[in-house]
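Listed in order, the protein sequences are those of chains A and B.
In terms of our numbering, the first sequence opens at residue 3 and continues consecutively.
In terms of our numbering, the second sequence opens at residue 57 and continues consecutively.
We treat Cβ as the ideally placed atom computed from N, Cα and C, and that holds for glycine.
To keep things clear, I will list the structure first and then write my remarks on it.
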Amino acid sequence: MVQMGGNDQEAIRAVLSGDKEAYGSLVAAHSRLLYRVAYRITGNEADADEVVQDAFVRAYRRLETFESRANFGTWIYRIAVRCALDKVAGRKGEDSSRVAEAADPEQDEVQVADASAGPERLLLSGEIAALQQTAMRCLTPTERAAFVLRHMEDRSTEEIGEALGIKPNAVKQAVFRAVHKLRRRLAPLRVQA
Amino acid sequence: MNHLSEEELVDRVYGDGADDAASHLDQCATCAQAYAELQRDVAELRCPEPPEPGSGYEAHVWNAIRYGLPAYRPRRKLFVAPGLASSWFAQPLVQRLAYAALCALLAAGAFYTGRHWDHLSGKTEIAGNKPTPQPRQPIVVVVLGDHLDRSERLLVELKHADVESNDSIAAPLRDEAKSLLAANRVCRKNAEEENGDPALKSALDHLDHLLNEMANQPGGLSADSIAKFKQEMEADGLLFEVRVLRSRVRNGHTLMGTRNNGGTA
Numbered sequence: 003m004v005q006m007g008g009n010d011q012e013a014i015r016a017v018l019s020g021d022k023e024a025y026g027s028l029v030a031a032h033s034r035l036l037y038r039v040a041y042r043i044t045g046n047e048a049d050a051d052e053v054v055q056d057a058f059v060r061a062y063r064r065l066e067t068f069e070s071r072a073n074f075g076t077w078i079y080r081i082a083v084r085c086a087l088d089k090v091a092g093r094k095g096e097d098s099s100r101v102a103e104a105a106d107p108e109q110d111e112v113q114v115a116d117a118s119a120g121p122e123r124l125l126l127s128g129e130i131a132a133l134q135q136t137a138m139r140c141l142t143p144t145e146r147a148a149f150v151l152r153h154m155e156d157r158s159t160e161e162i163g164e165a166l167g168i169k170p171n172a173v174k175q176a177v178f179r180a181v182h183k184l185r186r187r188l189a190p191l192r193v194q195a
Numbered sequence: 057m058n059h060l061s062e063e064e065l066v067d068r069v070y071g072d073g074a075d076d077a078a079s080h081l082d083q084c085a086t087c088a089q090a091y092a093e094l095q096r097d098v099a100e101l102r103c104p105e106p107p108e109p110g111s112g113y114e115a116h117v118w119n120a121i122r123y124g125l126p127a128y129r130p131r132r133k134l135f136v137a138p139g140l141a142s143s144w145f146a147q148p149l150v151q152r153l154a155y156a157a158l159c160a161l162l163a164a165g166a167f168y169t170g171r172h173w174d175h176l177s178g179k180t181e182i183a184g185n186k187p188t189p190q191p192r193q194p195i196v197v198v199v200l201g202d203h204l205d206r207s208e209r210l211l212v213e214l215k216h217a218d219v220e221s222n223d224s225i226a227a228p229l230r231d232e233a234k235s236l237l238a239a240n241r242v243c244r245k246n247a248e249e250e251n252g253d254p255a256l257k258s259a260l261d262h263l264d265h266l267l268n269e270m271a272n273q274p275g276g277l278s279a280d281s282i283a284k285f286k287q288e289m290e291a292d293g294l295l296f297e298v299r300v301l302r303s304r305v306r307n308g309h310t311l312m313g314t315r316n317n318g319g320t321a
């Protein structure tokens with residue numbers, strides 16, 4: 003996970019002693035990493051930005067409960083994952099209606115271009131990316147977060163379990179269900195290619 | 057021979073599989089083929105990399121949240137005589153026990169005196185019957201006052217904004233709205249949690265709606281969108297509402313809540 007320098011500890015001590023501005027150095031040190039994971043889970047810049055801000059505000063409010071021996075980077079990363087999960091869960095209804103429009107795999111198959119020629123191949127890769135995005139939206143928030151953390155962020159099952167507040171076995175099942183759903187939805191593309 | 061399930065194969069792809077699954081894959085062609093297909097499919101699952109945020113991203117995040125964060129109050133340290141803490145464990149056990157016994161005796165004496173005093177004065181109250189008034193939380197009020205000041209300035213700028221003759225004001229307006237949006241969210245949350253003034257909650261809700269639209273207007277603020285926001289602001293009487301609240305906060309009449317939680321609003 004994220005490395006924590008003595009600077010983080012000093013900043014936390016300063017904040018708890020009343021120096022609010024010291025929190026700015028923690029924001030500076032960790033905001034990019036949080037943005038990356040938030041973007042991967044939420045799938046768009048505006049939501050990711052909001053998640054990062056929410057995570058820092060939540061962490062600030064609970065800073066007194068933060069154990070000084072722990073790693074601030076790891077702690078805030080987990081908070082950001084939870085915030086991103088809440089964000090995705092909050093908009094789940096909205097997304098599911100959009101996914102329902104393209105829910106038929108046969109329909110997806112018709113949309114795919116022949117991969118033989120150069121320009122068409124580019125078009126195909128664009129379509130694959132678009133279809134992957136649609137497929138990601140059909141995952142539940144937990145499946146999506148678990149898959150992103152395992153597949154893209156390369157986190158261990160235990161780390162994901164701690165971040166999502168679930169047991170390692172539940173993490174494995176969530177990743178499995180995500181992979182299963184994504185493969186099923188992207189299967190028509192493999193037939194074409 | 058029992059073949060490996062898809063779940064076991066997925067575990068294996070991510071390096072979580074059991075050792076006997078590995079030996080099974082060496083012996084079973086069917087499972088080996090399924091595993092190879094799964095590996096290929098998983099490798100193809102590529103999501104777009106997050107766009108790199110701009111060079112001032114850290115400052116943007118900090119500016120968006122800093123005004124909504126109340127400063128912690130420094131913890132008071134108990135007075136300890138110089139050298140007492142460090143020399144405590146260096147003292148002989150008998151001496152330490154004597155200190156402990158003396159402390160226990162003092163505590164018991166204080167307890168007995170307290171009980172005796174209650175009987176004499178006859179003013180014993182059952183704990184919890186009478187809520188003790190909590191001191192107001194000045195830090196939260198200061199933060200709220202600051203937020204309302206900034207919001208008022210933005211609303212005044214919006215009211216007088218003339219984008220057609222000067223389009224350079226659109227971007228700063230939008231940036232300020234973005235920055236205020238996060239602070240407003242924190243103030244709203246505080247107001248809800250503290251069960252504060254209904255007028256304040258209503259004003260913060262209106263403000264949230266307007267700031268959200270200003271901050272997330274697709275393509276930036278145009279003359280048309282600014283005219284629309286002006287109209288909304290005037291219809292809601294938002295500027296007036298904010299001014300009234302600001303003056304009440306200044307005079308100490310508006311509270312977000314009275315709970316004193318040590319500075320963590």
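Exercise for the section: Sort B:296, B:278 and B:129 by Cα distance to residue 262 of chain B and report the nearest one. Expected result: Ranked by how close their Cα comes to the Cα of residue 262 of chain B, the residues B:296, B:278 and B:129 have B:296 in first place.
Exercise for the section: Count the other CB atoms, across all protein chains shown, that sit within 10 Å of the CB of residue 159 of chain A; report buried if there are 16 or more and exposed otherwise. Expected result: Buried: at least 16 other Cβ atoms inside 10 Å.
Practice task
Pull up the distance between the alpha-carbon of residue 143 of chain A and that of residue 93 of chain A, whole angstroms please.
Solution key: Residue 143 of chain A and residue 93 of chain A: Cα-Cα distance of roughly 10 Å.
Problem - Under 8 Å between C-beta atoms of residue 124 of chain B and residue 238 of chain B - result: Going by C-beta atoms, residue 124 of chain B is nearer than 8 Å to residue 238 of chain B.
Handout entry: Euclidean distance between Cα positions of residue 11 of chain A and residue 117 of chain B
Key = So the alpha carbons of these two residues sit roughly 20 Å apart.
Practice task
Please confirm whether residue 87 of chain A and residue 151 of chain A have their CB atoms less than 8 Å apart.
Solution key: By the CB criterion at 8 Å, residue 87 of chain A and residue 151 of chain A fall outside the cutoff.
Exercise for the section: Pick helix, strand or coil for residue 299 of chain B, following the three-state DSSP scheme. Expected result: Judged by DSSP in its simplified three-state form, residue 299 of chain B adopts helix.
Exercise for the section: Please name the residue, chosen from B:202, B:233, B:213 and B:224, that lies closest to residue 301 of chain B on a Cα-to-Cα basis. Expected result: With distances taken between CA atoms, residue 301 of chain B lies nearest to B:202 out of B:202, B:233, B:213 and B:224.
Handout entry: Nearest-angstrom Cα separation, counted from residue 291 of chain B out to residue 279 of chain B
Key = So the two alpha carbons sit approximately 18 Å from each other.
Practice task
Closer than 7 Å by beta-carbon distance: list the chain A residues that pair up with residue 127 of chain B, in chain order.
Solution key: Here the neighbours are 20 and 22.
Practice task
Can you grab the Cα-Cα spacing for the pair residue 39 of chain A / residue 58 of chain B, in whole Å?
Solution key: Going from the Cα of residue 39 of chain A to the Cα of residue 58 of chain B covers about 39 Å.
Problem - is_contact[residue 185 of chain A, chain B] using C-beta, thresh 8 Å - result: When Cβ-Cβ separations below 8 Å define contact, residue 185 of chain A makes contact with chain B.
Practice task
Give the single residue among A:162, A:61 and A:23 whose Cα lies nearest to the Cα of residue 174 of chain A.
Solution key: Ranking A:162, A:61 and A:23 by Cα distance to residue 174 of chain A puts A:162 first.
Problem - Touching by the beta-carbon criterion (3+ pairs, under 8 Å), the region 147–165 of chain B and the region 54–70 of chain A - result: Too few Cβ pairs lie closer than 8 Å, so no.
Practice task
State the DSSP-derived secondary structure class of residue 171 of chain A, mapped to helix, strand or coil.
Solution key: Residue 171 of chain A: helix per DSSP, three-state reduction.
Problem - DSSP-derived helix/strand/coil call for residue 69 of chain A - result: Residue state, collapsed to three classes: coil.
Handout entry: Collapsed DSSP secondary structure at residue 58 of chain B in the structure displayed
Key = In this structure, residue 58 of chain B counts as coil in the three-state DSSP scheme.
Problem - Residues of its chain near residue 89 of chain A, where Cβ-Cβ distance is below 6 Å and the 5 sequence neighbours each way are ignored - result: For residue 89 of chain A, where only same-chain residues beyond five positions count, the Cβ hits under 6 Å are 44, 49 and 53.
Exercise for the section: Could you check what DSSP says for residue 186 of chain A in three-state terms: helix, strand or coil? Expected result: Residue 186 of chain A: helix per DSSP, three-state reduction.
Exercise for the section: Specify whether the region 209–219 of chain B and the region 281–288 of chain B touch according to this definition: at least 3 beta carbon pairs, one from each stretch, less than 8 Å apart. Expected result: Verdict: yes, contact present.
Practice task
Would you kindly work out how many angstroms separate the C-alpha atoms of residue 81 of chain B and residue 69 of chain B, rounded to a whole number?
Solution key: For residue 81 of chain B and residue 69 of chain B, the distance between alpha carbons rounds to 12 Å.
Practice task
Could you check what DSSP says for residue 87 of chain B in three-state terms: helix, strand or coil?
Solution key: Reduced to three states, the DSSP call for residue 87 of chain B is helix.
Practice task
Report the option in B:115, B:224 and B:235 whose CA atom is closest to the CA atom of residue 34 of chain A.
Solution key: When only C-alpha atoms are compared, the closest one is B:115.
Practice task
At 8 Å on the CB atoms, spell out the chain A contacts of residue 173 of chain B, in chain order.
Solution key: Simply none; closest approach about 36 Å.
Practice task
Look at residue 126 of chain B and residue 199 of chain B and say whether their C-beta atoms are less than 8 Å apart.
Solution key: Between residue 126 of chain B and residue 199 of chain B, the C-beta gap is smaller than 8 Å, which places the two residues in contact.
Handout entry: Residues in the region 132–143 of chain A having any Cβ partner in chain B nearer than 8 Å
Key = Against chain B - using a Cβ distance shorter than 8 Å - the residues of the region 132–143 of chain A are 134, 135 and 138.
Practice task
Counting only the same chain and skipping the five closest in sequence on each side, list residues whose C-beta sits under 7 Å from that of residue 28 of chain A.
Solution key: Excluding positions up to five away in sequence, the list reads 10, 13 and 74.
Handout entry: Under 7 Å from the C-beta of residue 79 of chain A: neighbouring residues of chain B
Key = Ordered by position in chain B, no residue passes the 7 Å Cβ test against residue 79 of chain A, which lies about 15 Å from the chain.
Exercise for the section: Tell whether a beta-carbon distance below 8 Å holds between residue 266 of chain B and residue 230 of chain B. Expected result: Against a cut-off of 8 Å, the Cβ pair of residue 230 of chain B and residue 266 of chain B comes out as no contact.
Exercise for the section: Would you kindly report the start and end of the unbroken alpha helix (DSSP H) that includes residue 43 of chain A? Expected result: DSSP places residue 43 of chain A inside the alpha helix (DSSP H), whose first and last residues are 25–44.
Handout entry: C-beta atoms of residue 180 of chain A and residue 132 of chain A nearer than 8 Å
Key = Contact: no.
Exercise for the section: Tell me, please, whether the CB atom of residue 92 of chain A is closer than 8 Å to any CB atom in chain B? Expected result: No, its Cβ sits nowhere closer than 8 Å to a Cβ of chain B.
Exercise for the section: Taking only beta-carbon positions, decide if residue 120 of chain B is within less than 8 Å of chain A. Expected result: Yes, residue 120 of chain B lies at the interface with chain A (some Cβ there is under 8 Å from its Cβ).
Practice task
Report buried or exposed for residue 150 of chain B, applying the criterion of at least 16 other Cβ atoms within 10 angstroms of its Cβ.
Solution key: Residue 150 of chain B comes out exposed.
Handout entry: Between the CA atoms of residue 18 of chain A and residue 304 of chain B - distance to the nearest angstrom
Key = Whole-angstrom Cα-Cα distance: 30 Å.
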